[in-house]
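Asks: One structure, as structure tokens, below. Some questions next.
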Ligand SMILES: [Zn+2]
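Below, the structure is given as structure tokens:
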């Protein structure tokens, strides 16, 4: 099944989903039943975010020549949590900095 765009001379464009084998050059308008001609449009290709496009390009380039990193590059985002990260392992959390304070109160029953 493919989606085709037809243009009614008195209304507007409308889409018709039909098999390629039964495609006709004209189609009746769903609003006024006027004979409408097919409009040729650019193919509906999926668009992706620029950052994702750059990441896919880097992954493709890395398949041929892998990039080896021996340290965290400058400008790289830092881990959001200081409790654990793959470079330094576990880090202690100061009890005074916890949400709820040093000795959080117990729930009352
Ligand atoms: Zn129409």
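Residue numbers (the working numbering): 35 to 143.
Just so it is clear, CB atoms sit at the ideal spot from N, CA and C, and this is done for glycine as well.
What you are looking at is a predicted structure, and each value in this text was computed from that prediction instead of being measured.
Is the beta carbon of residue 58 sitting closer than 8 Å to the one on residue 70?
Replies: No, Cβ-Cβ distance for residue 58 and residue 70 is not below 8 Å.
Asks: In the DSSP assignment, find the unbroken alpha helix (DSSP H) run with residue 112 in it and report its ends.
Replies: Neither: residue 112 is in no alpha helix (DSSP H) and is coded neither H nor E.
Asks: To the nearest angstrom, how far is it from the Cα of residue 42 to the Cα of residue 67?
Replies: Computed Cα separation, rounded: 9 Å.
Asks: What separation, rounded to the nearest whole angstrom, lies between the Cα atoms of residue 44 and residue 77?
Replies: Approximately 25 Å, taken between the alpha carbons.
Asks: Could you check whether the Cβ of residue 96 sits closer than 7 Å to any heavy atom belonging to ligand 1?
Replies: No - ligand 1 has no heavy atom lying nearer than 7 Å to the Cβ of residue 96.
Asks: Identify whether residue 62 lies in helix, strand or coil by the three-state DSSP scheme.
Replies: Residue 62: strand per DSSP, three-state reduction.
Asks: Tell me the residue span of the beta strand (DSSP E) that contains residue 51.
Replies: Residues 47–52.
Asks: Measure the beta-carbon distance from residue 75 to residue 50 and round it to whole angstroms, keeping in mind my assumption that it falls under 8 Å.
Replies: Incorrect: roughly 13 Å between the Cβ atoms, too far for contact.
Asks: Assuming residue 89 is part of the alpha helix (DSSP H), what are its boundary residues?
Replies: Note, residue 89: alpha helix (DSSP H), 84–98.
Asks: Name the residue from 53, 64, 36, 109 whose alpha carbon lies nearest to the alpha carbon of residue 47.
Replies: It is 64.
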